[in-house]
Every structure is written in C-alpha cells, then in structure tokens.
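Everything in the sequence shown is counted per the working numbering, starting at 8 for the first residue and increasing by one.
Glycine is no exception: its CB is placed at the ideal position from the N, C-alpha and C atoms.
Just so we're clear, the structure is a prediction, and the values are computed from it rather than from any experiment.
What follows is one structure encoded as structure tokens, with my remarks underneath.
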Amino acid sequence: MLLIIENNEGIRQYLPTENLFLDVSDLSLTETLKKLQEFGGVTQIYFPLELKFQDTQRQTLQGLELFKHIRLTTELNGFQFLPILLSYSYPLETFLRNSENTLLCSPATHLFHLKNIHEIKHSPFLSPQKS
Numbered sequence: 008m009l010l011i012i013e014n015n016e017g018i019r020q021y022l023p024t025e026n027l028f029l030d031v032s033d034l035s036l037t038e039t040l041k042k043l044q045e046f047g048g049v050t051q052i053y054f055p056l057e058l059k060f061q062d063t064q065r066q067t068l069q070g071l072e073l074f075k076h077i078r079l080t081t082e083l084n085g086f087q088f089l090p091i092l093l094s095y096s097y098p099l100e101t102f103l104r105n106s107e108n109t110l111l112c113s114p115a116t117h118l119f120h121l122k123n124i125h126e127i128k129h130s131p132f133l134s135p136q137k138s
C-alpha cells in the first residue's frame, strides 16, 4: 500500500487508487514522525521534497528533512527500508549542493520532477509489487 504524505489531496489522482493519505499541513515534523507509526501495511511512500509542515514554507524543504529522518531513524517500524518516491519542483542541483543530501541517491529512493506528474502512473516505482 502506498502512503502519500502531502498538503494537497489532489495528488491522489495521479497515483494508484489504493493508497493512504496523510495531510501534514497542521502537523510538525515531530508529530508527522509519530503519526507514521500508526500506519500499517505500507509498502511504499510518496512525498514532495518541498513538503510544508505547520508554520513552515515550501522553500524550507521540510520534505528533505522528513526523508532524512525516515532513512536514519530505526524507531519507525521498518519505514527506513521502504521505497520512497520523492517529487521536486526546484532544480535537482538545489538539493544536491549540500553533501549530506547525497542520501537522496540511496537505494530504494526514486526522484521525479513535478512537471512530469502525468507520467508517474507509468513509473516502475508504482508497478504492482510481486509477493
């Protein structure tokens, strides 16, 4: 099951119909991490690098912070090992300037530019999981 972490539920139309949605507009990063522990059966995660938490702006790249926490935190019931699809609208170089952000190139991490949102349903990332 795909877990979508976003501010706009409209993104669901571009992703598989079988998904869970978490609106983080009124949550902090810490609250979001706690909320993730409530989700079961998640096999994939999607969120934008420009995710906006409560009292933040998209330019602060809180999705990047969430990504780092998921990948580096062991208390998230295996979430750190799940494939993550990350969207972005800024040039990718913006994120990779900082050497600690090379984590974006880690296995099971898939990046796509939001201008290609109409192609996302055909992504290998979203192809049915083999049991």
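| query | result |
| --- | --- |
| Pairwise C-alpha distance: L36 and K59 | 9 Å |
| Simplified DSSP state of N15, which is helix, strand or coil | coil |
| Assumed close pair Q51, P90 - CB separation to whole angstroms, cut-off 8 Å | 5 Å |
| C-alpha distance - K137 paired with P23, whole-angstrom precision | Unreliable placement is indicated for K137, whose pLDDT of 42 sits below 50; the coordinate value is still reported in the next sentence. Each residue's Cα considered, the two are about 16 Å apart. |
| Proximity to L111 [Cα-Cα], best of K128, I77, I124, G85 | I77 |
| Proximity winner among Q69, N108, N84, S130, relative to N14 (alpha-carbon distances) | Q69 |
| Start-to-end residues for the alpha helix (DSSP H) that takes in Q87 | Q87 -> no alpha helix (DSSP H), and no H or E assigned at all. |
| Through-space distance from Q87 to F102, alpha-carbon basis | 20 Å |
| Residue(s) in a DSSP beta bridge with Y21 | DSSP output for Y21 lists no bridge partner at all. |
| Closest residue to K75 among S113, E100, I18 (Cα-Cα distance) | S113 |
| Within 8 Å, strictly: CB atoms of N61 and S32 | It should be pointed out that residue 61 corresponds to Gln in this sequence rather than to Asn. Contact flag set, yes. |
| Terminal residues of the beta strand (DSSP E) in which L110 lies | Premise fails: L110 is in no beta strand (DSSP E) and is neither H nor E. |
| Whole-angstrom C-beta distance between L92 and H117, which should lie under 8 Å | 5 Å |
| Straight-line Cα distance separating Y21 from K128 | 6 Å |
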